[in-house]
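Numbering (numbering that gives the first Met the number 0), first residue to last: 0 to 450. Have a look at the structure below, then the notes.
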Amino acid sequence: MVSMAKSISLRNSKKYLIWFAHEHVPFRMPEIYSIASMFDLSLRFLQAPGEEPYAIVELASDSDAEKLASRSVLVRSVIELWAHGSKTEDVQNQLRQYPQGFWDLYGREDQSFKINVELFGKRKVPRDIKVEKIEEFDFLPLKGPIKLDNPDHVYHLIEYYGLVPNYVPPKPHAVFFGRWICDGQRFLKSHLSLKTRKFIANTSMDPTLSIIMANMAKVGPNHLVLDPFVGSGSLLVPAAYFGACVIGTDIDYMLLHGRAKPSRCNEKQRAADESIRANLLQYGIESRFGDVVIADSALPLWRNGVRFNAIVTDPPYGIREATERIGTHKKYTIPGHLAQQHIPSKVAYSLKSVICDLLNFAAQHLFLGGRVVFWMPFYNADFSKELVPSHPCLKQVACSEQPLTKHSSRLLITMEKVQEPAETATARMSETADSFREKYFAPTKIKDDDR
0 MVSMAKSISL RNSKKYLIWF AHEHVPFRMP EIYSIASMFD LSLRFLQAPG
50 EEPYAIVELA SDSDAEKLAS RSVLVRSVIE LWAHGSKTED VQNQLRQYPQ
100 GFWDLYGRED QSFKINVELF GKRKVPRDIK VEKIEEFDFL PLKGPIKLDN
150 PDHVYHLIEY YGLVPNYVPP KPHAVFFGRW ICDGQRFLKS HLSLKTRKFI
200 ANTSMDPTLS IIMANMAKVG PNHLVLDPFV GSGSLLVPAA YFGACVIGTD
250 IDYMLLHGRA KPSRCNEKQR AADESIRANL LQYGIESRFG DVVIADSALP
300 LWRNGVRFNA IVTDPPYGIR EATERIGTHK KYTIPGHLAQ QHIPSKVAYS
350 LKSVICDLLN FAAQHLFLGG RVVFWMPFYN ADFSKELVPS HPCLKQVACS
400 EQPLTKHSSR LLITMEKVQE PAETATARMS ETADSFREKY FAPTKIKDDD
450 R
């Protein structure tokens, strides 16, 4: 098993270069560690990953590398790393040291190949420059034919020129050469795009982040996954795509019935068949749709014995969606003949109460080892360790920050159930969280007053 704190040493392992997409940098390592834990992979980082779009790791086999990439949406590709250094000459010297028996595995006359060249940090590299760089490696004993389409082996020569915009150093910071093993799941970013999705709402989650959340929750086939603030069901889509049976609840009657105000530009009315079920039908995974229920998360409807493998959710912050629960400011009785048509009134639901209720629910209704993955907003000036919620039955696995504005951000928090709750076990969280909405809008109010 692999944790965020410790990696496992490997025997008879191989070096691999993981090349990441250059986005959502804080989520790279948490996603990789969660996927490794999901498949029980032995993984060790040889080079501590930073802002650079790559990491050098040790894995037991190509099969393990393929498993790692089979779920990651932030991994572009995984390459078996044969040589790397600060200069091309260093890489060439390392390749020359391989014995002939090694090249017999990949360079036979009946094995076709091609070499891809990537100069990260440079734009519009001319084809002739790439050809020149390939010719610098013509000493490799690759006897097979060159084949650009579906060759037996694909080799990658990568030069990394850094991340500074509008500046390309004369020489690369690092050079890599290796054999391509597999690609990550980047295609899901467009396949699950909100632009083409049947049913969306104002707070539908970006598909990339939704997939990351499913990976952080270690969602797998035949799991039962719940989103207690389901909205348009954007977090359920990747969970169902990965084989889980999905269920959701939400207090918004109009949205769950596809009758809320349209979210798309210039759309005056929603289509009659818009629903969460329609989204899963669109992607061919309708069979994994359990149901969605109108419910108040402050008043859980589930029996004590109900257990979920994972809970993934984005609770309302009070910014684009109201934070409400069923309640009244004064007590009154509904006459019996009006009860069936009665729509309960709602009161404010503080952010602290939302998060604490969620963690208490997770502690009660997750299987041991199950995970709850959720977002929590905060005002940057207020951040401290005490702001991050805790529960005696839940262990924090990861906590990654995503900026929202200049003055506010949100945390993607992953917690794992490690023990069953006692009667006195309850979530703890700072009262500071309740002032987020007021402070979020404060700068706008100040600007208006100054005018």
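By construction, the Cβ of each residue, glycine as well, lies at the ideal position given by its N, Cα and C atoms.
Which residue comes first and which comes last in the alpha helix (DSSP H) that contains Asp89?
First-last of the alpha helix (DSSP H) with Asp89: Thr87 to Arg95.
For Asp433, the three-state DSSP class (helix, strand or coil):
In the three-state DSSP reduction, Asp433 falls in the helix class (H, G or I).
In this structure, what does DSSP give as the bridge partners for Glu30?
For Glu30, which the question treats as bridged, DSSP gives no partner whatsoever.
Three or more C-beta pairs under 8 Å: does that hold for the region 188-197 against the region 264-282?
Flag = yes, the region 188-197 and the region 264-282 touch.
Note down the Cα distance separating Gly219 from Pro168, rounded to an integer number of angstroms.
Spanning the alpha carbons of Gly219 and Pro168 requires a straight line of approximately 44 Å.
Where does Ile128 fall in DSSP's three states?
Under the three-state reduction of DSSP output, Ile128 falls in the helix class.
For the region 97-106 against the region 117-130, do three or more pairs of beta-carbon atoms, one drawn from each stretch, fall closer than 8 Å, so that the two count as touching?
Segments in contact, no.
For Ala173, which residues from the same chain have a beta carbon less than 7 Å from its beta carbon, with the 5 sequence-adjacent residues on both sides left out?
Closer than 7 Å at the Cβ level, and outside the excluded window around Ala173, lie His83, Ser85 and Tyr159.
What do you get for Asn165, buried or exposed, if any count of 16 or more other CB atoms within 10 angstroms of its CB means buried?
Its Cβ having fewer than 16 others within 10 Å, Asn165 is exposed.
Is there a Cβ of chain C sitting closer than 8 Å to that of Tyr32, yes or no?
Protein chain content of the structure displayed is limited to a single chain, and chain C is not contained in it.
Below 8 Å on the Cβ atoms is my guess for Thr413 versus Pro29; work out the distance and round it to an integer in Å.
Right, their Cβ atoms sit about 7 Å apart.
Helix, strand or coil: which one does DSSP assign to Ser76?
Looking at Ser76 - three-state DSSP - the assignment turns out to be strand.
What is the DSSP secondary structure of Val353, counted as helix, strand or coil?
The answer is helix: DSSP assigns Val353 an H, G or I state.
Quick one: is Phe440 buried, meaning 16 or more other Cβ sit within 10 Å of its Cβ, or exposed?
So Phe440 counts as exposed.
Do Asp313 and Leu234 have their beta-carbon atoms positioned less than 8 Å apart in this structure?
Against a cut-off of 8 Å, the Cβ pair of Asp313 and Leu234 comes out as a contact.
Rounded to the nearest angstrom, what separates Val245 and Ile318 at their Cα positions?
Per the coordinates, the alpha-carbon of Val245 lies some 26 Å from the alpha-carbon of Ile318.
So what does Gln401 bridge to, in DSSP terms?
Under DSSP, the beta-bridge partners assigned to Gln401 are Arg409.
So for Ala259, helix, strand or coil by DSSP?
In the three-state DSSP reduction, Ala259 falls in the coil class, being neither helix nor strand.
When you compare the region 86-94 with the region 38-57, are there three or more beta-carbon pairs, one atom per stretch, that lie closer than 8 Å?
The region 86-94 is not in contact with the region 38-57.
Within 10 Å of its beta-carbon, does Leu518 have 16 or more other beta-carbons around it, so buried, or fewer, so exposed?
Examination of residue 518 is not possible in this model, given that the chain is present from 0 through 450 alone.
Applying the criterion that 16 or more other CB atoms from any shown protein chain within 10 Å of the CB defines a buried residue, is Ser2 buried or exposed?
At Ser2 the pLDDT is 37, less than 50, meaning the model places this residue with poor confidence and gives no usable figure here.
In the DSSP output, what is Gly369 paired with across the bridge?
Within the DSSP bridge table, the entry for Gly369 names no partner.
Cut-off 6 Å between Cβ atoms - residues of its own chain near Gln281, not counting five sequence neighbours on either side:
Answer for Gln281: Lys197, listed in chain order.
Spatial distance of Val153 from Leu187 (CA atoms)
The alpha-carbon atoms of Val153 and Leu187 are separated by roughly 23 Å.
Buried or exposed: where does Ile445 fall if 16 or more other Cβ atoms within 10 Å of its Cβ makes it buried?
Low local confidence applies: a pLDDT of 46 at Ile445 is under 50, so the model's placement there is unreliable, and no value is given.
Assess, as a yes-or-no matter, whether the region 236-244 is touched by the region 256-270 under the definition of 3 or more beta carbon pairs within less than 8 Å.
Counting Cβ pairs under 8 Å, fewer than three are found: no touch.
So, with DSSP's three-state summary, where would you put Ser2?
Annotation note: pLDDT 37 at Ser2 (below 50); position unreliable, no value reported.
In terms of alpha-carbon separation, which member of Ile133, Tyr378 and Asp295 lies closest to Val353?
Looking at the Cα atoms, Asp295 is the closest of the given residues.
Can you list, in chain order, the residues of its chain with a C-beta nearer than 6 Å to that of Ala64? Leave out the 5 residues immediately preceding and following it.
Cβ neighbours of Ala64 beyond the five flanking positions: Tyr15, Leu58, Val77 and Ile180.
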